[in-house]
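Residue numbers (the working numbering), protein chains in the order written: chain A, 1 to 340; chain B, 341 to 680.
For each residue, glycine too, the CB sits at the ideal point set by N, CA and C.
Just so we're clear, the structure is a prediction, and the values are computed from it rather than from any experiment.
Before any comments, here is the structure.
Protein chains: 2
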Amino acid sequence: VQDIIKVAVDAMGGDIGIDSTVEAAVKVANRLKNIQIVLVGDKQKVEHKLNSLKLKNQKQIKVQHSSQVVAMDELPSSALRGKKDSSMRVAINLVKSGKVSACVSAGNTGALMATAKFVLKTLPGIDRPAITTAMPTKNGFVRVLDLGANIDCTSMQLYQFAIMGYVLAKTMDNNSDPSVGLLNVGVEEIKGSEQIKEAHALLSKIKNLNYYGFVEGDDIFSGTTDIVVADGFVGNVLLKTTEGLVKMIVLFLKQAYSANIFAKIVALLSLPVLKNFKRKLDPRRYNGASLLGLNGIVIKSHGSADVLSFASAIEVAYEEVANDVTKKLQDAFSVYKMEK
Amino acid sequence: VQDIIKVAVDAMGGDIGIDSTVEAAVKVANRLKNIQIVLVGDKQKVEHKLNSLKLKNQKQIKVQHSSQVVAMDELPSSALRGKKDSSMRVAINLVKSGKVSACVSAGNTGALMATAKFVLKTLPGIDRPAITTAMPTKNGFVRVLDLGANIDCTSMQLYQFAIMGYVLAKTMDNNSDPSVGLLNVGVEEIKGSEQIKEAHALLSKIKNLNYYGFVEGDDIFSGTTDIVVADGFVGNVLLKTTEGLVKMIVLFLKQAYSANIFAKIVALLSLPVLKNFKRKLDPRRYNGASLLGLNGIVIKSHGSADVLSFASAIEVAYEEVANDVTKKLQDAFSVYKMEK
Numbered sequence: 001v002q003d004i005i006k007v008a009v010d011a012m013g014g015d016i017g018i019d020s021t022v023e024a025a026v027k028v029a030n031r032l033k034n035i036q037i038v039l040v041g042d043k044q045k046v047e048h049k050l051n052s053l054k055l056k057n058q059k060q061i062k063v064q065h066s067s068q069v070v071a072m073d074e075l076p077s078s079a080l081r082g083k084k085d086s087s088m089r090v091a092i093n094l095v096k097s098g099k100v101s102a103c104v105s106a107g108n109t110g111a112l113m114a115t116a117k118f119v120l121k122t123l124p125g126i127d128r129p130a131i132t133t134a135m136p137t138k139n140g141f142v143r144v145l146d147l148g149a150n151i152d153c154t155s156m157q158l159y160q161f162a163i164m165g166y167v168l169a170k171t172m173d174n175n176s177d178p179s180v181g182l183l184n185v186g187v188e189e190i191k192g193s194e195q196i197k198e199a200h201a202l203l204s205k206i207k208n209l210n211y212y213g214f215v216e217g218d219d220i221f222s223g224t225t226d227i228v229v230a231d232g233f234v235g236n237v238l239l240k241t242t243e244g245l246v247k248m249i250v251l252f253l254k255q256a257y258s259a260n261i262f263a264k265i266v267a268l269l270s271l272p273v274l275k276n277f278k279r280k281l282d283p284r285r286y287n288g289a290s291l292l293g294l295n296g297i298v299i300k301s302h303g304s305a306d307v308l309s310f311a312s313a314i315e316v317a318y319e320e321v322a323n324d325v326t327k328k329l330q331d332a333f334s335v336y337k338m339e340k
Numbered sequence: 341v342q343d344i345i346k347v348a349v350d351a352m353g354g355d356i357g358i359d360s361t362v363e364a365a366v367k368v369a370n371r372l373k374n375i376q377i378v379l380v381g382d383k384q385k386v387e388h389k390l391n392s393l394k395l396k397n398q399k400q401i402k403v404q405h406s407s408q409v410v411a412m413d414e415l416p417s418s419a420l421r422g423k424k425d426s427s428m429r430v431a432i433n434l435v436k437s438g439k440v441s442a443c444v445s446a447g448n449t450g451a452l453m454a455t456a457k458f459v460l461k462t463l464p465g466i467d468r469p470a471i472t473t474a475m476p477t478k479n480g481f482v483r484v485l486d487l488g489a490n491i492d493c494t495s496m497q498l499y500q501f502a503i504m505g506y507v508l509a510k511t512m513d514n515n516s517d518p519s520v521g522l523l524n525v526g527v528e529e530i531k532g533s534e535q536i537k538e539a540h541a542l543l544s545k546i547k548n549l550n551y552y553g554f555v556e557g558d559d560i561f562s563g564t565t566d567i568v569v570a571d572g573f574v575g576n577v578l579l580k581t582t583e584g585l586v587k588m589i590v591l592f593l594k595q596a597y598s599a600n601i602f603a604k605i606v607a608l609l610s611l612p613v614l615k616n617f618k619r620k621l622d623p624r625r626y627n628g629a630s631l632l633g634l635n636g637i638v639i640k641s642h643g644s645a646d647v648l649s650f651a652s653a654i655e656v657a658y659e660e661v662a663n664d665v666t667k668k669l670q671d672a673f674s675v676y677k678m679e680k
């Protein structure tokens, strides 16, 4: 008998909101028999949407009312102080009280991070949580952190991110010893900022970590390492640059294949050929970033997530609970703390 | 009558060296009647290569002997102290003495920057030179700086980079008022590091600059602004990430089109369709980064540049001389200096 895995969903968050989140929840519930989802939001609206969908087992989805919504452009401090009954806050509270094991939101990233940190706190030995997600590489995927939670990182924070990434990959990816790279502008020891050089020195010393050393921007997609560590400013820029570049290339391909009637015919013939190509690059498959290092599992979905995309984020939450990520992080940091 | 434009080429630099640089020089000389190129390097080897090629007008290319070569992995300090007769150093010396108006090298970036700074010095009002190149966007191209010369940038340096980028684009791109964006992790005023916020405040105040404000990673390829300013660490990561991602996508396309016999046939049909697509993304067309802010024009080619690619870099040097970029920068900074 599989354990029941309980996940709270901020049904109101994101650019699309209920039309994406509720349908995604039903999709995931119909696929995974042992998930129970609590949809948090405007009870009437959520139930109205829910009634329009085909849920196989009614027991798998519950609705919990909340009266407020955090706006996408709201200041984190204002959400924290003024929105104590927001769908986001109530979903996080459910993790805190142990009624669910994880929560998922497509809402305001800053507010989600601030609220999650305030309500759940970080695990012992972890100063600041990091945002991380998987990105496609030539031969699989890479986990990159931090993607924007921490603008100025100390060497100790980068060191902690490396350990967090290592534990996450080891726990989730069926990889007994994932390699960790530290993002720099060159692979020579003399290059980089003081924080990077210090973090490199710290990481070079610890045992029980497969530390590869410095990697550069092009190593990310070559799959040189399983994890890439960067400060949140650099990580955020590279994530958004990547999204923008993929969009541009897809646009260029579409333009090429619609230039004239011959091109349009070749485009039709190319559809089956490019199916796998499109799948490999589809950002929806990679949706669901972890707010790593908290005392509880919190998954951030892309704000513009559609149903397929938001369903991926719920499944990331499900997988992290199933693999007991929080406990594994806790255990690891109790060991690494002694080693320091 | 067009003025003669004189350019020195470090013939020994880069992964390929003479086989790329000398052939590229001949190619450009045959195309541009008013360019004169001085090839600097091992006289015997350079002339041997030169004699194997078809140069229409022998007067367009001269060879200047130098006895040393800067290694691709050599420390900048060692190149500066120990390689006073390197092809790179002699090429830069020719700019300093006024015998040529620009130089081009595919050699060691750190050594080129250190030597150029030492020999040529920066223009009045410019603290540090920046590396910049054009990158493709949805509807044209964007100039990004700094791409890696300066790891930790002060707000004043970012401010200077913005003005340098503005002047370069205005001078080179037939754009009377190019827009300048400052790369950040969000567009709200409260986001970003202290340096970024200070640079934003400085840039918001100056007249005669089309300052757009903050841009994010995805704005680069959307073409939101004509210039994007970032510190050298972030710029270098985004440049290399971009290169790596394009390579990966091209690989995925090739894999898709060779998966089976049907795919291979569609691939053949797609060749003419994808010709323009390939051209738009071809990194060789964008080769040639400017070391901007020096008292003289120095162009850095990608280390792995082939003939077509290195020829682009020589043409960037030619265009910057033809448009009198150094003089325009000098004039601009004498004005901005007074305004501060």
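Below the 9 angstroms Cβ cutoff, chain B contributes no neighbours of A/E74, its closest Cβ being approximately 11 angstroms away.
Here DSSP, grouped into helix, strand and coil, assigns A/S101 to coil. The beta carbons of B/V520 and B/I567 sit closer together than 7 angstroms. Contact check for A/S270 and B/S610: beta-carbon distance about 6 angstroms, within the 8 angstroms limit, so the pair qualifies. According to the DSSP secondary-structure assignment, B/I471 is paired through a beta bridge with B/L631. Here B/A348 carries a strand assignment [DSSP, helix/strand/coil].
One finds nothing in chain B with a Cβ atom closer than 7 angstroms to the Cβ of A/A130; even the nearest lies about 14 angstroms away.
C-alpha of A/L251 to C-alpha of B/F481: approximately 15 angstroms in a straight line. Within 10 angstroms of the beta-carbon of B/S417 lie fewer than 16 other beta-carbons, which makes it exposed. Cβ neighbours of B/L523 within its own chain (closer than 7 angstroms, five residues either side excluded): V555, V568, V569, A570, V574.
For the stretch 30-103 of chain A, the full-length alpha helix (DSSP H) segments reaching 4 residues or more read 43-51, 76-82, 87-96 along the chain. As a beta-bridge residue in DSSP terms, B/I567 pairs with B/R483, B/V520. Looking at the backbone, the Cα of B/L608 and that of A/S222 are separated by about 27 angstroms.
For a Cβ distance threshold of 9 angstroms, residue set F252, Q255, A256, A259 of chain A lies close to B/N616, ordered along the chain. Secondary structure note for B/Y551: its beta strand (DSSP E) is the uninterrupted segment 550-555. The continuous alpha helix (DSSP H) containing A/V307 extends over residues 307-322. Going by beta carbons, B/S406 and B/V430 fall inside the 7 angstroms limit. Residue environment for A/N139: exposed (fewer than 16 other C-beta atoms within 10 angstroms of its C-beta). In the assembly as shown, A/F262 is an exposed residue. Its beta-carbon has fewer than 16 other beta-carbons within 10 Å. Around the C-beta of A/A289, 16 or more other C-beta atoms lie within 10 Å, and the residue is accordingly described as buried. Only those residues of the stretch 142-162 of chain A whose C-beta falls short of 7 angstroms from the nearest C-beta of chain B are listed: G148, I151, D152. Residue-level contact by beta carbon fails for A/K49 and chain B, as no gap is shorter than 7 angstroms. Look at the stretch 204-221 of chain A: the residues with a C-beta under 8 angstroms from a C-beta of chain B are E216, G217, D218, D219, I220, F221.
In the three-state reduction of the DSSP assignment, B/V362 falls in the helix class.
In this structure, the beta-carbon distance from A/L281 to A/V237 does not fall below 7 angstroms. A residue is called buried when at least 16 other Cβ atoms come within 10 angstroms of its Cβ; B/D492 does not meet this threshold and is exposed. Here the alpha carbons of A/N108 and A/A71 stand approximately 7 angstroms from one another. Going by C-alpha positions, A/S87 is about 38 angstroms away from B/S544. In terms of Cβ geometry, A/A169 and A/L145 do not form a close pair [threshold 7 angstroms]. Along the stretch 559-580 of chain B, going in chain order, the ones with a CB nearer than 8 angstroms to a CB of chain A are D559, I560, F561, S562, A570, G572, F573, V574, N576, V577, L578, L579, K580.
For the C-beta of B/S519, not a single chain A residue is nearer than 7 angstroms; the gap to the nearest is close to 17 angstroms. In the DSSP assignment, B/K547 falls outside any beta strand (DSSP E), carrying neither H nor E.
Contact annotation for B/G532 against chain A: I151, F233 [CB-CB distance below 8 angstroms, chain order].
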